[in-house]
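For reference, the structure is listed below as structure tokens.
Residue numbers (my numbering): 3 to 351.
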């Protein structure tokens with residue numbers, strides 16, 4: 003089976019749907035116990051509850067649902083902070099360049115299923131001293147626990163399969179993609195586990211059979227030891243440009259090798275810097291061009307092409323050229339490192 007077939011169960015964030023007005027009949031008269039305290043009909047041992055109030059009934063119901071959802075969102079966001087460093091390292095502040103779900107999306111995805119079980123159980127209308135609607139939202143703990151345990155069990159199977167597939171895979175690029183998907187599923191799994199601890203009165207979850215650190219180490223070992231990038235830079239100041247690219251790729255966790263035959267990816271390009279006149283006798287100018295291709299050695303496909311041009315000026319040509327070199331180094335280092343990162347983490351899409 004292809005890589006796409008093996009990983010087609012990735013969780014994608016879904017658009018949020020605004021809840022409609024419930025069909026619950028509005029009660030009047032005696033003030034229910036849940037308006038000011040716990041509900042005897044929906045005790046905390048069996049239900050999570052949230053109360054909202056407003057002059058508008060729809061707003062009161064939405065606020066009641068929100069009171070329950072806030073518990074989940076705050077707890078999951080807190081638990082996800084442990085993974086922020088990993089995601090920031092792999093995206094380098096450019097989350098749109100990588101086809102990966104963000105921590106915010108993970109929070110939405112993981113809470114969507116369990117919060118779909120939140121219902122409005124009762125609505126009470128107060129007439130004095132002012133007209134207000136009170137809404138009671140409930141979440142059945144037992145039902146939510148069943149859903150979350152099923153989700154966690156499925157993710158545990160997915161993670162184990164991805165790890166097994168990665169060990170059997172010979173193509174290092176696909177191996178990295180498997181492990182990256184494994185890490186993302188692990189983060190989602192932990193979000194579900196946080197929710198399970200919330201709905202479970204004992205506060206217990208399901209411990210993972212493999213640690214995040216272990217998966218991350220497997221990925222780091224492949225990037226440093228087995229996934230090699232070869233650089234071919236020709237033209238003006240090629241050694242300086244190559245040095246900048248090596249540094250940038252190393253910062254991303256990649257290893258650069260002179261072994262072109264054994265490399266997984268080859269970065270090849272040319273840099274040209276030439277002086278030109280621009281109507282000023284005091285200032286000297288250079289125009290520069292940089293063209294680079296990024297090639298997947300396994301299939302020979304060019305998966306990225308970078309073409310950049312610019313000009314720099316100074317009081318003498320030497321300094322103008324130095325400015326151009328600094329600019330080229332900065333642009334190429336960012337673009338090439340990000341393109342390679344995007345490619346290997348793109349899930350084969």
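Virtual Cβ for every residue (Gly too), placed ideally from N, Cα, C.
Computed from a predicted structure; not experimentally measured.
Quick check: the Cα distance between residue i and residue j, rounded to an integer number of angstroms?
i           : j           : result
residue 328 : residue 297 : 25 Å
residue 134 : residue 38  : 14 Å
residue 279 : residue 324 : 17 Å
residue 140 : residue 197 : 15 Å
residue 53  : residue 137 : 6 Å
residue 239 : residue 85  : 40 Å
residue 313 : residue 292 : 12 Å
residue 60  : residue 66  : 10 Å
residue 42  : residue 142 : 15 Å
residue 15  : residue 153 : Residue confidence is low: residue 15 scores 47 on pLDDT, short of 50, so the model does not pin down where it sits. No coordinate-derived value is stated.
residue 226 : residue 263 : 17 Å
residue 235 : residue 341 : 17 Å
residue 276 : residue 232 : 27 Å
residue 130 : residue 58  : 15 Å
residue 256 : residue 224 : 9 Å
residue 70  : residue 50  : 7 Å
residue 212 : residue 228 : 23 Å
residue 68  : residue 159 : 32 Å
residue 116 : residue 146 : 6 Å
residue 318 : residue 287 : 8 Å
residue 284 : residue 290 : 20 Å
residue 214 : residue 32  : 53 Å
residue 331 : residue 245 : 9 Å
residue 81  : residue 195 : 10 Å
residue 26  : residue 73  : 24 Å
residue 309 : residue 118 : 48 Å
residue 210 : residue 111 : 19 Å
residue 267 : residue 311 : 24 Å
residue 48  : residue 23  : 24 Å
residue 193 : residue 44  : 26 Å
residue 155 : residue 175 : 28 Å
residue 216 : residue 64  : 42 Å
residue 333 : residue 326 : 11 Å
Would you identify the three-state DSSP class for residue i, choosing helix, strand or coil?
i           : result
residue 111 : helix
residue 51  : strand
residue 194 : helix
residue 101 : Residue confidence is low: residue 101 scores 41 on pLDDT, short of 50, so the model does not pin down where it sits. Its coordinate-derived value is still stated next. Of the three classes helix, strand and coil, the one that applies to residue 101 here is coil, per DSSP.
residue 71  : helix
residue 41  : coil
residue 56  : strand
residue 26  : coil
residue 276 : strand
residue 33  : coil
If I measure Cβ to Cβ from residue i and keep anything under 6 Å in the same chain, skipping five residues before and after, which residues do I get?
i           : result
residue 1   : No information on residue 1 is available, as it lies outside the stretch 3 to 351 that the chain covers here.
residue 168 : 177, 180 and 181
residue 157 : 187 and 191
residue 272 : 236, 237 and 293
residue 7   : Because residue 7 sits at a pLDDT of 38, beneath the cut-off of 50, its placement in the model cannot be relied upon, and the following sentence gives the value as read from the coordinates. Hits under 6 Å: none found.
residue 295 : 270, 304 and 307
residue 248 : 258
residue 337 : 308
Which same chain residues end up closer than 8 Å to residue i when comparing Cβ atoms and leaving out the 5 residues on each side of it in sequence?
i           : result
residue 173 : 300
residue 75  : 109 and 113
residue 62  : 54, 55, 56, 125, 134, 135, 136 and 137
residue 202 : 143 and 147
residue 29  : 124, 125, 126 and 127
residue 151 : 198 and 208
residue 149 : 115, 116 and 119
residue 261 : 230 and 232
Can you name, in chain order, every residue of its own chain whose Cβ lies under 7 Å from the Cβ of residue i, other than the five neighbours on each side?
i           : result
residue 205 : 199
residue 265 : 230, 231, 232, 259 and 299
residue 46  : 40
residue 171 : 177 and 180
residue 322 : 286, 287, 288, 314, 315 and 316
residue 77  : 196 and 200
residue 274 : 237, 238, 290 and 291
With a threshold of 7 Å (Cβ to nearest heavy atom), would residue i be considered close to the ligand MN?
i           : result
residue 180 : No copy of the ligand MN appears in this structure; indeed no ligand is present at all.
Does any residue of chain D bring its CB to less than 8 Å from the CB of residue i?
i           : result
residue 141 : No chain D appears in this structure, which consists of one protein chain only.
| Any 3 or more C-beta pairs closer than 8 Å across the stretch 211–224 and the stretch 304–315 | no
Item to check | Cβ pair count under 8 Å reaching 3, the stretch 182–189 against the stretch 162–172 | outcome: yes
Quick check for students: name the residue ranges of the beta strand (DSSP E) that lie wholly in the stretch 191–258, counting only runs of 3 or more. 230–237
| query | What are the complete beta strand (DSSP E) segments, minimum 3 residues, inside the stretch 282–314? | reply | 286–298
For a minimum of 4 consecutive residues, which ranges assigned as the alpha helix (DSSP H) are wholly contained in the stretch 114–172?
143–170
Requested in this report: Kindly confirm or deny that the stretch 23–39 and the stretch 108–128 touch, where touching means at least three C-beta pairs closer than 8 Å.
Outcome: yes
Uninterrupted alpha helix (DSSP H) stretches inside the stretch 316–340 (no shorter than 4 residues): none
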